[in-house]
Amino acid sequence: MHTRHDALLVNIARGGVIDNDAIRQALDQGRLGHAVLDVFSTEPLPQTDPYWSHPKVTVTPHTSFAGSGTMNRWTDLFLVNINRFAKGHTLENLVDPASLLD
């Protein structure tokens, strides 16, 4: 399986969640469209890191969570989806894995 060549990867979780070398390779080979990265395996991100100048990478300052109301939205969605799951309904905000593949 391969991701779509125009797929967007967003990581606001933890730097160790993704393989930086694999992401760079996928971007360079056109197997991934763009990456938005707020966290890195080494923080702060060294000034010499290629991510800073990569044309297909947007680096954010590890603040995507702060002050955005994200925790409230996550909590609300979690509670809604627990209810939906218990009732056998389709969960909200599902991603269809097939939509990510070529």
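Each residue of the sequence shown is one higher than the last, beginning at 1421 in this note's numbering.
Glycine residues also receive a C-beta, built at the ideal position from the N, C-alpha and C atoms.
When C-beta atoms of the segment 1488 to 1495 are compared with those of the segment 1459 to 1475, fewer than three pairs fall below 8 angstroms, so the two segments do not count as touching.
Each of Ser-1519, Ala-1518 and Leu-1499 was checked against the Cα of Leu-1511, and the nearest Cα belongs to Leu-1499.
If you draw a 10 Å sphere on the C-beta of Ile-1502, you find fewer than 16 other C-beta atoms in it, and that means exposed. In the structure shown, Asn-1431 adopts extended strand secondary structure according to DSSP, grouped into three states. Scanning its chain for C-beta atoms nearer than 6 angstroms, with the 5 sequence neighbours on each side dropped, one finds around Thr-1478 the residues Val-1456, in chain order. Within the same chain, Cβ atoms closer than 6 angstroms to the Cβ of Tyr-1471 are found at Val-1477 and Val-1479, the five residues on either side in sequence being excluded.
Rounded to whole angstroms, His-1474 and Gly-1450 show a C-alpha spacing of 13 angstroms. Membership of Val-1500 in the alpha helix (DSSP H) is indicated by the continuous run 1490 to 1506. Taking all protein chains in view, the Cβ of Asn-1513 is surrounded by fewer than 16 other Cβ atoms within 10 Å, so the residue is classified as exposed.
Residue range 1440 to 1448 is occupied by the alpha helix (DSSP H) that includes Ala-1446.
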